[in-house]
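What follows is a single structure, written as structure tokens, with notes after it.
In this note's numbering, the protein residues as written are 575 to 811.
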């Protein structure tokens, strides 16, 4: 069984994080939801291979987004039974079809909740989770307002990339040469607004001083800008 690392969420301004049960494609997935007062949108986190909602990097980014007035939902992409199987075989962490199904289900779940149903939705994907986030954005083009990929594998989204309509920010470490190449190739296939940001001196996990803080800043500004753009659209007549 996965060893749970209990981390205290560094929620700013006393924002309370509460556990939720995300129903996605018939599966019950454990999650953590935090909603600042007056939140301008909700960011769903799609973690990378072998990770979970306890990812310390994603939780640090989530805290920075909350500080910028954004709600966050971190949730497990696999059930407890699937996690145990994946720990033994590693066969599910690269099942992009399954991961995409779970992210799409989480989008639909958030859209059905009273607290988050009217919020614009953004997706923050890491590693293989970035591919699932992009494919989910292609499947829910009217619901996903923006996507951010941190050290992601957008190339695994394959033919879904030209179908993505959400503005997409790809963030890669400057020392992560193979992933830079993959992100440049994927960026060329995207037809929506997109940017590729390379953080000098950073490696794949952004463990260098200040690197993850820069990821969080870029992500926060991207989501804030595109959530605002959605809010300013005229109401349908």
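Note that beta-carbon positions come from the ideal geometry of N, C-alpha and C, so glycine has one too.
Three-state class that DSSP yields for residue i in the structure shown
i, result
"residue 663", "helix"
"residue 652", "coil"
"residue 720", "strand"
"residue 803", "helix"
"residue 582", "For residue 582, the predicted structure reports a pLDDT of 38, less than 50, and the residue's modelled location is therefore unreliable. A value from the coordinates is still provided. It is coil, neither helix nor strand."
"residue 707", "helix"
"residue 679", "helix"
"residue 795", "helix"
"residue 735", "helix"
"residue 789", "helix"
"residue 647", "strand"
"residue 686", "helix"
"residue 613", "coil"
Beta-carbon gap between residue i and residue j smaller than 8 angstroms
i, j, result
"residue 726", "residue 697", "no"
"residue 790", "residue 635", "yes"
"residue 590", "residue 608", "yes"
"residue 765", "residue 728", "no"
"residue 622", "residue 747", "no"
"residue 627", "residue 681", "no"
"residue 620", "residue 707", "yes"
"residue 676", "residue 601", "yes"
"residue 648", "residue 797", "no"
"residue 652", "residue 660", "yes"
"residue 773", "residue 788", "yes"
"residue 731", "residue 762", "no"
When the options are compared against residue i, the one with the closest alpha-carbon
i, options, result
"residue 752", "701, 605, 634, 647", "701"
"residue 742", "709, 749, 755", "709"
"residue 795", "772, 682, 639, 680", "639"
"residue 592", "646, 613, 774", "646"
"residue 723", "614, 740, 717", "740"
"residue 712", "738, 655, 612, 806", "738"
"residue 612", "761, 663, 641", "641"
"residue 733", "806, 596, 671, 637", "671"
"residue 650", "780, 606, 758, 806", "606"
"residue 610", "664, 637, 596", "637"
"residue 596", "691, 683, 718", "683"
Sheet register partners of residue i (DSSP bridge)
i, result
"residue 592", "607"
"residue 746", "772"
"residue 699", "620, 723"
"residue 740", "Its beta-bridge partners do not exist; DSSP assigns none."
Nearest-angstrom Cβ-Cβ length linking residue i and residue j, presumed shorter than 8 angstroms
i, j, result
"residue 599", "residue 679", "4 angstroms"
"residue 785", "residue 776", "4 angstroms"
"residue 802", "residue 614", "7 angstroms"
"residue 720", "residue 800", "4 angstroms"
"residue 630", "residue 804", "Contact flag wrong, Cβ pair sits at about 30 angstroms."
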